[in-house]
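Protein chains in written order, with this note's numbering: chain A, 150 to 375; chain B, 150 to 526; chain C, 27 to 270. Beneath this line is the structure, given in structure tokens, with notes to follow.
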Amino acid sequence: MSLVKDFTKGLWKENPVLVLLLGMCPTLAVTSNAKNGLGMGLATTFVLLGSNIVISFIRNIVPKKIRIPVYIVVIACFVTVVQMLMDAYAPPALNAALGIFIPLIVVNCIVLGRAEAFASKNNPIRSAFDGLGMGTGFTLALVLLGGTREFLASGSLFEIKVITPWSVDFLLPTQAPGAFIILGCFLAAMNWLNQRNAIKRGEVYIPPQGLDCRHCSLCDLNNNEE
Amino acid sequence: MSEEVKSELLMPKGDELVLSTSPHIHATEDVRSIMLKVLIALTPVICAGIILFGNAAALIMAYCVVFCVAAEAIWLKLAGKSLSTLKDLSAIVTGILLAMNLSAGAPWWLCLIGSVLAIWLAKQIFGGLGHNPFNPAAVARVGLLIALPKYMTTWIPTRFMNYTTADYCQNLFTKTDWQNVVMGKIDAVTCATPLGVVGTTTKVLTHNPEAVNNFAQVANPSCYWQYFLGNMGGCLGETSALALLIGGLILIAFKLIKWQVPVFYLGSVAIITGVIHFFLPGVTPPPLFHLLTGGLMIGAIFMATDMVTSPMTTMGAAIFGVGLGIVTCTIRIWGNYPEGVSFAIVFMNALVPLIDKFVIKRPFGYNKPIVEEGVAA
Amino acid sequence: MTKIKDTENIVLLGIFLGVIGAVAALILAYFAQLTKEPIEKMKMQATNNALKEVLPAFDNSPSTDKITVKSADDAKIDVIFFGAMKDGKLVGVAGQSITLKGYSGKVKAMVGIEPDGKIRTVAVLPDKKEKISAVLITEQSETPGLGTVVCDRKRQKTIFSIFKPEGPEAKILPPNPILDQYAGKTAGKDPWKVIKDGGQLKYITGATISSRAVADVIYRITNTYKVNKKEIIAKLSGKAAAAK
């Protein structure tokens, strides 16, 4: 039961992009079309899964003082492996589009965030499910964002024209400003849906707790104030 | 904590706000009357656009106004707001300003997309008129420029630019183009804007005579009079500096805008380009060229001065104007796009709250609160 | 002895980090070994794919049969020529080079130059036959929507084309009026110019600089080929023969 929960929370309730707002750099930069979003999502999922499992295994022997450098080494190792595998087997167009963003997965907040917040406190099986769920949620959000941007720009999805008479490309959504605008629209829609569902159930809508800057214990900012 | 202290000291207590008995002086000014005055100020610009570009200009204005009003009505309906705010004419003003920022050759759907961007994205999503941080027309122009650069940078010549007139037109299109039109080889002649010509001219970083004459084909005194009248390629409303200046005077006469914004904006552009032109004449044309071409005049007079999106204080307006000038010159001289006015306006709009906070006026008789230790940082 | 988790001993910490690093390095070394060959193959395939677009059918591997020549007009820029062989004969040459005159940085182009198919010995290729058969821009960062119009050849897939078999149009290079106007041209004495600069070439309004850059790089390749023709043909045929 709890394994299912570990997996599903990443899909909607704690979706890394739409709720936690982590990993904005790849989210905004690579999602100019659905294919790039899918590629980036899958690569990140692989890294998340691998690093979560490994970190969970070594969680009891890693000295507290140097845990962050150790996590980064583990993550960087996985990212480099992913990069080499993509160079070798991914389609050249996808590789060219994602090229500079793959190394950035190392500093993607989701990966380090899950390592610190979940994998370092839970057993490998739960951590694997957590990584898989978070990765899937990330992929879904990226594909959704990329697909929307691509569709609004040229009426196509996965580089296949859906609306054939659409001949003039509307470039705003594929550019950086469009990424921000459409992500903003998604966040608004997500909050609106959650709020509506809460009201339907007769509850008071509370935005996700323990995840924002004030409640997160990652960098211990709050301890100084209190 | 400190916020509370401040607001307590700044705001009068409830019982201090004593309202005397009537009679009161009634201020007749409301949004509708302000927008009506803006429309009056826009009249010379509208006329100039129609005179210069003919019926196509009138048609584009009509499209933009209709689409803007429709977009506003649809949003209000969907959001469950009262349609009465439609009557404040603000959508019409936005529509006219949007049309002023389009090429006379714009297709109808460009007007539609622009209207939706201006009304929905720039205005209603933030809560409607008065809540929008960015000037709707500027947002629409920037959005369209990024989205459909081909349609936003294809200009058609004015009615007074043709095969026989003014020699200076030669630099904006070629005579053979006209021959081809007459012979039926091509449908229409497109016309470069003076700024576009400058943008595609290779910069010369030295100080030799070649550098001095680098921009002579579009920036010579014989051109300036034509530019002043508006006889050049460009958007409907941005070409005629004369009409825009008349409109600006009307706005100032109605006390609708702070004169500091246009004056400091135009002044800083003139000074910055003047200094650069003086030292490196091969990099940018003289200041007068910059003042007369592109969207600088309409931006400075009608778009940057928008009441909602410009600073509240005169000091703020001056800072705002100088900032606009710096951003505009940077984009014009070193940027990827030949024109930077709309980008500058959107950029500086974002900084307005900061400017307002920075130059906030100290109320008369206000003493700085004695900060108690530990209460506020 | 305190648990390793809570240790503050700096030597122990250093050793731990060192071990982790070493393990990571071992894993990476293994993967680097594993993917070395596929990566090489992939890179070659990417070049071959571009070459397939501009060259006639060939049975060698042009991406390895190549020579690098200094550009005729600028010694700092290299032009790489690839040779396409069919049944032991040189049937086409593709040149690849860059120009720095793009609107935002460099523009890289691949130009197919065709020898006449009927001629048996390529060495006596007459000047008139060194036509451009096709032009492909392989790398650019021009303004989207303006400069890219000059450079892009887009193969459009539609929802309908998924369900029906690919027609012959899927095989040929997608058209681009600006790039296609170079087909059949031969490098002359003077660099090519767009109409705006008093030349003959069409250009896209609003993307004059990109159009100029494309003309520049294509002229560079064809001109370099013209200047170094004998050497290029001799070397490319020799290389392919040696490979056989």
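The beta carbon of each residue, even a glycine, is placed where N, CA and C say it ideally should be.
Item to check | Closest by C-alpha distance to B:Thr243, when choosing among B:Met210, B:Ile200, B:Ile406 | outcome: Counted from its first residue, the second sequence places residue 243 of chain B at position 94. Closest option to B:Thr243, Cα to Cα, is B:Met210.
Checklist entry - What does A:Ala237 reach in chain C if we use C-beta pairs closer than 7 Å? => result In the first sequence, counting from the first residue as 1, residue 237 of chain A sits at position 88. Per Cβ cutoff of 7 Å: Thr61, Pro64, Ile65, Met68.
Checklist entry - Under a three-way DSSP split, which group does B:Trp269 fall into? => result Counting from 1 along the second sequence, the entry for residue 269 of chain B is found at position 120. Residue state, collapsed to three classes: helix.
Item to check | Residue span of the alpha helix (DSSP H) that contains C:Phe108, given as start and end | outcome: Against the third sequence, residue 108 of chain C aligns to sequence position 82. Looking at the DSSP string, C:Phe108 is not in any alpha helix (DSSP H); the run it does join, the beta strand (DSSP E), is 104-112.
Checklist entry - If you compare alpha carbons, which of C:Ser87, C:Gly47, C:Val253 is closest to A:Arg216? => result Here residue 216 of chain A refers to the residue found at position 67 of the first sequence. Checking every option, the nearest Cα to that of A:Arg216 belongs to C:Gly47.
Checklist entry - Skipping 5 residues on each side, what residues in its chain have a beta carbon closer than 7 Å to that of A:Lys158? => result Reading the first sequence from its first residue, position 9 is the one you call residue 158 of chain A. In the same chain as A:Lys158, and ignoring 5 residues on each side of it, the C-beta atoms closer than 7 Å to its own belong to Gly282, in chain order.
Item to check | Coarse secondary structure for B:Ala453, derived from DSSP in three states | outcome: As a position in the second sequence, residue 453 of chain B is number 304, starting the count at 1. In this structure, B:Ala453 counts as coil in the three-state DSSP scheme.
Checklist entry - Span of the alpha helix (DSSP H) holding C:Ala98? => result Counted from its first residue, the third sequence places residue 98 of chain C at position 72. In this chain, C:Ala98 is not harboured by any alpha helix (DSSP H), its DSSP state being neither H nor E.
Next on the checklist: Closer than 9 Å between beta carbons: that is the criterion. Which residues of the segment 287-301 of chain B meet it against chain A?
Outcome noted: Under the 9 Å Cβ criterion, the segment 287-301 of chain B contributes Val291, Gly292, Leu293, Ile295, Ala296, Leu297, Pro298, Lys299, Tyr300.
Checklist entry - What's the C-alpha gap between C:Thr94 and A:Val211? => result In the third sequence, residue 94 of chain C corresponds to position 68, counting from 1. In the first sequence, residue 211 of chain A corresponds to position 62, counting from 1. Using only the alpha carbons, I get a separation of about 53 Å.
Checklist entry - Taking buried to mean at least 16 other C-beta atoms within 10 Å of its own C-beta, is A:Arg350 buried or exposed? => result Taking the first sequence and counting its residues from 1, the one referred to as residue 350 of chain A is at position 201. Under this definition A:Arg350 is an exposed residue.
Checklist entry - Within 7 Å: the Cβ of B:Val367 and any heavy atom of the ligand ADP? => result In terms of ligand content, the structure shown is empty, and the ligand ADP therefore cannot be addressed.
Checklist entry - Is it true that the CB of B:Tyr486 sits closer than 8 Å to the CB of B:Ile480? => result Numbered from 1 along the second sequence, position 331 holds the residue referred to as residue 480 of chain B. Numbered from 1 along the second sequence, position 337 holds the residue referred to as residue 486 of chain B. Contact annotation: B:Ile480 and B:Tyr486 have beta-carbon atoms nearer than 8 Å.
Checklist entry - Sorted by chain position, which residues of the same chain lie with C-beta nearer than 7 Å to B:Met464's C-beta, five sequence neighbours on each side aside? => result As a first step, residue 464 of chain B is located in the second sequence; it is residue number 315 there, counting from the start. Excluding sequence neighbours, B:Met464 sits near Val508.
Next on the checklist: My output table needs one value for C:Val220: the three-state DSSP class, helix, strand or coil.
Outcome noted: What you label residue 220 of chain C is simply residue 194 of the third sequence in a count that begins at 1. Here DSSP, grouped into helix, strand and coil, assigns C:Val220 to strand.
Checklist entry - Any C-beta of chain A sitting closer than 8 Å to the C-beta of C:Gly128? => result By 1-based counting over the third sequence, the position of residue 128 of chain C is 102. No, its Cβ sits nowhere closer than 8 Å to a Cβ of chain A.
Item to check | Continuous beta strand (DSSP E) stretch holding C:Val119: start and end | outcome: By one-based count along the third sequence, residue 119 of chain C stands at place 93. In this chain, the beta strand (DSSP E) harbouring C:Val119 covers 115-128.
Checklist entry - So what's B:Trp304 in DSSP terms, helix, strand or just coil? => result If you number the second sequence from 1, residue 304 of chain B lands on position 155. Strand, per DSSP.
Item to check | Close-in-space but distant-in-sequence residues of the same chain around A:Val219 (CB under 6 Å, 5 per side omitted) | outcome: In the first sequence, counting from the first residue as 1, residue 219 of chain A sits at position 70. Result list for A:Val219: Val211, in chain order.
Checklist entry - According to the neighbour-count rule (16 or more other Cβ atoms, all chains shown, within 10 Å of its Cβ), is B:Ile195 buried or exposed? => result The residue you call residue 195 of chain B lines up with position 46 of the second sequence. Label assigned to B:Ile195: buried.
Checklist entry - In the DSSP assignment, what are the bridge partners of C:Leu205? => result As a position in the third sequence, residue 205 of chain C is number 179, starting the count at 1. Bridge partners of C:Leu205: none, in fact.
Next on the checklist: Looking only at its chain, what residues have a beta carbon closer than 6 Å to the beta carbon of B:Thr454, apart from the 5 residues adjacent to it on each side?
Outcome noted: Translated into positions along the second sequence, residue 454 of chain B becomes position 305. So the list reads Ile406, Val410, once near-sequence residues are dropped.
Checklist entry - Going by Cα to Cα distance, which pick from B:Met452, B:Lys230, B:Gly348 is closest to B:Pro285? => result For the purposes of this step, residue 285 of chain B is taken as the residue at position 136 of the second sequence. Residue B:Met452 is the option with its Cα nearest to B:Pro285.
Item to check | Within 8 Å, strictly: CB atoms of C:Lys18 and A:Asn209 | outcome: In the structure as shown, chain C begins at 27 and stops at 270. Residue 18 of chain C is therefore absent and cannot be evaluated.
Item to check | Through-space distance from C:Val243 to B:Thr458, alpha-carbon basis | outcome: Counting from 1 along the second sequence, the entry for residue 458 of chain B is found at position 309. Counting from 1 along the third sequence, the entry for residue 243 of chain C is found at position 217. Taking the straight line from one Cα to the other gives about 47 Å.
Checklist entry - On the three-pair Cβ rule with 8 Å, is the segment 212-221 of chain B touching the segment 413-429 of chain B? => result No, the segment 212-221 of chain B does not touch the segment 413-429 of chain B.
Checklist entry - Quick one, which of A:Thr323, A:Ile207, A:Gly286, A:Pro241 has its alpha-carbon nearest A:Val166's? => result Within the first sequence, residue 166 of chain A is the residue found at index 17, counting from 1. Measuring from the Cα of A:Val166, the nearest candidate turns out to be A:Gly286.
Checklist entry - For B:Thr355, which residues from the same chain have a beta carbon less than 7 Å from its beta carbon, with the 5 sequence-adjacent residues on both sides left out? => result Stepping through the second sequence from its first residue, residue 355 of chain B is reached at position 206. The beta carbon of B:Thr355 sits closer than 7 Å to those of Gly431, all from its chain and outside the five residues before and after it, given in chain order.
Checklist entry - Which class does C:Ala239 belong to by DSSP, given the choice of helix, strand or coil? => result Here the question's residue 239 of chain C lines up with position 213 in the third sequence. C:Ala239 falls in the helix class under three-state DSSP.
Next on the checklist: Suppose contacts are defined by Cβ-Cβ distances below 8 Å. Is C:Val117 in contact with C:Ile139 by that definition?
Outcome noted: In the third sequence, residue 117 of chain C corresponds to position 91, counting from 1. In the third sequence, residue 139 of chain C corresponds to position 113, counting from 1. Result no, Cβ atoms of C:Val117 and C:Ile139 do not sit closer than 8 Å.
Checklist entry - Among C:Lys67, C:Val133, C:Asp91, which one has its Cα closest to the Cα of C:Arg103? => result Translated into the one-based positions of the third sequence, residue 103 of chain C becomes position 77. First, the amino acid is wrong: residue 103 of chain C is Ile here, not Arg. Of the candidates C:Lys67, C:Val133, C:Asp91, the residue whose Cα lies closest to the Cα of C:Ile103 is C:Val133.
Next on the checklist: For chain A, check one thing: does any of its Cβ atoms lie closer than 8 Å to the Cβ of C:Ala72?
Outcome noted: Within the third sequence, the letter at position 46 stands for residue 72 of chain C. Output row for C:Ala72: interface = yes.
Next on the checklist: Below 8 Å on the Cβ atoms is my contact criterion, and I expect A:Gly172 with A:Ile259 to pass it. Report the Cβ-Cβ distance as a whole number of Å.
Outcome noted: On the first sequence, residue 172 of chain A is found 23 positions in, with the first residue counted as 1. On the first sequence, residue 259 of chain A is found 110 positions in, with the first residue counted as 1. Right, their Cβ atoms sit about 5 Å apart.
Item to check | Rounded separation between A:Ala225 and A:Val196 - CA only | outcome: For the purposes of this step, residue 225 of chain A is taken as the residue at position 76 of the first sequence. For the purposes of this step, residue 196 of chain A is taken as the residue at position 47 of the first sequence. About 9 Å.
Next on the checklist: Measuring straight from C-alpha to C-alpha, what distance separates B:Gly382 and B:Thr307?
Outcome noted: Translated into positions along the second sequence, residue 382 of chain B becomes position 233. Translated into positions along the second sequence, residue 307 of chain B becomes position 158. The alpha-carbon atoms of B:Gly382 and B:Thr307 are separated by roughly 7 Å.
Checklist entry - If we count the other Cβ atoms within 10 Å of its Cβ and call it buried at 16 or more, is A:Lys154 buried or exposed? => result For the purposes of this step, residue 154 of chain A is identified with residue 5 of the first sequence, where counting begins at 1. Under this definition A:Lys154 is an exposed residue.
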